[in-house]
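What follows is a short report on a single structure.
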Amino acid sequence: MVDELGLSKALAGRLLMLLVAAMVVLAALGVGGGVAAWSLAREWRQGAASALMIEVPQPSERLKSETRVGRVLALLQADPQVGSAHLLTQDELSTLLRPWLGGDVAALGLELPAMIEVHLVDPGVQGAGLGAGALVTKLQQSVPGTIAEASDDWSARLLALGRSLAACAGVAVVLVLSVAVALVALAASAGLSAQRETIEILHLLGATDGDVANRFARRLGLLTLVGGIAGALVALPLLVELANLAAPFGVAPSDDVAAQPLSMLTTLPPAIWTGLAALPFAAAGIGWITAQLTVRVWLRRLP
Amino acid sequence: MVRLEQVGLSYAMGRRAPEVLSDLSFSIPEGGFRWLLGPSGAGKTSLLRMLFLGLRPTRGHLTLLGTDVRAAPRDDLPRLRRHIGVVFQDFRLLDHLSVYDNVALPLRLAGWSAIQVRDDVTEMLGWVGLLPKMDQRPAALSGGEQQRVAIARAVVARPALLLADEPTGNLDDAQATRLMGLFLEMNRLGTTVVLATHNTRLVDRFPARSLLLENGCLVADG
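Sequences listed follow chains C and P, in order.
The first sequence: position 164 = 163 (numbering that gives the first Met the number 0), numbered continuously.
The second sequence: position 19 = 18 (numbering that gives the first Met the number 0), numbered continuously.
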């Protein structure tokens, strides 16, 4: 294809591709950070929301044929929302209360309430879904005085934190993309200035605005695509490393992945893969559209 | 074909801006031939610029190939320009393209196929005697050769209107005669031709109706 406008020289590609690559790396880190923050918050929220600590005062007191704590345990085990219910042993209880009651709790002769650590199943499980509130109400009706301590406040704070971090990452990505738009517009303007006379000649020979703008857009779209692909390739190992660091916190599976380089790639959540794959095309789209607009506006000055 | 009615042109904006062309009224029928004469600064180049749509008149009516240029939307002008061939005084060749690609430009912009482009461009380069230099860059050519490339580019698409500003200024007599033959042959085939020149010998050798400009005004049409 003949380069009528001489754009291969007027729009020198190396610096532009380098800058686009750098911006795609930043955008990829922003996307990765946003997805990670969102996932972490969701994991933590799910963990907090699914945990309950049930306190049963006078646990040994009998209610008909069973003790109060026995009744609570039976109800818990029969409830489809409950994944596990663990009655804390005397030792565990002593450890839990040591900061308040000292080392030898048994010597105090107090009748301590029974503590049951409950983990609810995923709300999607069939038969579940009434929520912790309904379960607690049922326990309190059957065994009066039973107290449940949920983590609603913490889960709400974690969700807000996750949303804030994801929003910050989104703002960072938008800023990076805005800089990319400005950069491409600058490159197109420089190309227009450099090739002003050539463009005027083509214009007088019957070139439409579209003819000129399409040539600029193809060139800049190609440069930004190549820069975008390079940037995505550079960002990939960084994101894998970050995903591995985040894995113990519940964003992605970890354990043995560090020992198996190929399986490390699977640590990246699908959302990050999608974002990473989309970024070079987004860069090319920005290059193409910005070039079209910049060139068409500039050409309006010609008769 | 070409019709001007009380056309005025000024480069500055505003009603009091001085006009470089004033009250031009003339017409050239389809297939007409006109010499455009006048001293330097008379407005010949400005008139040609207006005729090849490098400028729009600031007042009056200019009709080219059936289109009222002042009223036409800007997007309609490229189609009109493709029917106009221009030989610029300073040639305005693209230095980064070969001779072949320079001549091929109007055809490619008009969407011709590669085969059509090749056939017509090689024929035209043969006509102007530059086939052996088709792969060279304009900078490697002499002034006369560059002028012949410019002429080949102007006529290769067989324009309906051919405009030329001193088209034989850098050519020797033999080349000038040969290229005038090309212009006259195109004119015989129906192309309207307007040639601006200072070369009175050339005008005497190829007598035709003339437009004489002085100080931006048409002082003779005949």
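We put the beta carbon where it would ideally sit given N, CA and C, even for glycine.
Between M16 (chain C) and L191 (chain C), the C-beta spacing is not below 8 Å. Nearest C-alpha to S141 (chain P) among P:M133, P:N169, P:D164, P:T121: P:N169.
Using a Cβ-Cβ distance cut-off of 8 Å, the segment 132-149 of chain P and the segment 50-58 of chain P are not in contact, since fewer than three pairs of beta carbons, one from each stretch, lie closer than that value. Taking each of C:A171, C:A290, C:V233 in turn and checking the Cα distance to A21 (chain C), the smallest one comes out for C:V233. Between L138 (chain C) and L72 (chain C), the CB-CB gap reaches or exceeds 8 Å.
The beta strand (DSSP E) runs lying completely inside the segment 137-197 of chain C and spanning 3 residues or more are 146-148, given in chain order.
DSSP places L93 (chain P) in the coil class of the three-state scheme, outside both helix and strand.
With at least 16 other beta carbons inside 10 angstroms of its own, A159 (chain P) counts as buried. Check the Cα spacing between L64 (chain P) and each of P:R80, P:P72, P:R33: the tightest is with P:R80.
For T94 (chain C), the three-state secondary structure derived from DSSP is helix. In terms of Cβ geometry, W287 (chain C) and G209 (chain C) do not form a close pair [threshold 8 Å]. Measuring C-alpha to C-alpha distances from A231 (chain C) to each of C:T289, C:T197, C:L278 identifies C:L278 as the nearest.
When the alpha-carbon of S45 (chain P) is set against those of P:G30, P:E18, P:L104, P:F32, the nearest one is in P:E18. One finds nothing in chain P with a Cβ atom closer than 9 Å to the Cβ of E42 (chain C); even the nearest lies about 57 Å away. Judged by DSSP secondary structure, E122 (chain P) falls outside any beta strand (DSSP E) and instead within the alpha helix (DSSP H) spanning 113-126. Within a 10 Å sphere around the beta-carbon of S24 (chain P) sit fewer than 16 other beta-carbons, which makes this residue exposed.
Non-local C-beta neighbours of L134 (chain C) in its own chain, meaning closer than 7 Å and more than five positions away in sequence, comprise D78, Q80, ordered along the chain. Excluding residues up to 5 positions away in sequence, T167, A175, M179 lie with their Cβ nearer than 8 Å to the Cβ of L201 (chain P) in the same chain. Per DSSP, reduced to three states, the secondary structure at E240 (chain C) is helical. Contact between L106 (chain P) and A156 (chain P) is confirmed by a C-beta separation of about 6 Å, below the 8 Å threshold. In the same chain as V104 (chain C), and ignoring 5 residues on each side of it, the C-beta atoms closer than 6 Å to its own belong to S93, L96, in chain order.
DSSP places R152 (chain P) in no beta strand (DSSP E) but in the uninterrupted alpha helix (DSSP H) bounded by 142-154.
With at least 16 other beta carbons inside 10 angstroms of its own, M114 (chain C) counts as buried. At least one C-beta of chain P is nearer than 8 Å to the C-beta of I200 (chain C). D203 (chain P) sits exposed, since fewer than 16 C-beta atoms from the chains shown fall within 10 Å of its C-beta.
Taking 8 Å as the cut-off, the Cβ atoms of G5 (chain C) and L108 (chain P) do not count as close. The three-state secondary structure of V1 (chain P), taken from DSSP, is strand. DSSP places V68 (chain P) in no alpha helix (DSSP H); its state is neither H nor E. Below 8 Å, too few C-beta pairs join the segment 46-62 of chain C and the segment 193-202 of chain C to call them touching: fewer than three. Within a 10 Å sphere around the beta-carbon of R187 (chain P) sit fewer than 16 other beta-carbons, which makes this residue exposed. Taking CB atoms only, T197 (chain C) has a neighbour in chain P less than 8 Å away. Residue environment analysis places L96 (chain P) among the buried positions, since at least 16 neighbouring C-beta atoms fall within 10 angstroms of its C-beta. Residues of the segment 86-107 of chain P with a C-beta less than 8 Å from any C-beta of chain C: R91, L93, H95, L96, D100, A103, L104, P105, R107, listed in chain order. Identification of residues in the segment 13-46 of chain C having a C-beta nearer than 9 Å to some C-beta of chain P yields an empty set.
Along the segment 269-298 of chain C, the beta strand (DSSP E) does not occur as any fully enclosed run of 3 or more residues. In the DSSP assignment, R81 (chain P) falls outside any alpha helix (DSSP H), carrying neither H nor E.
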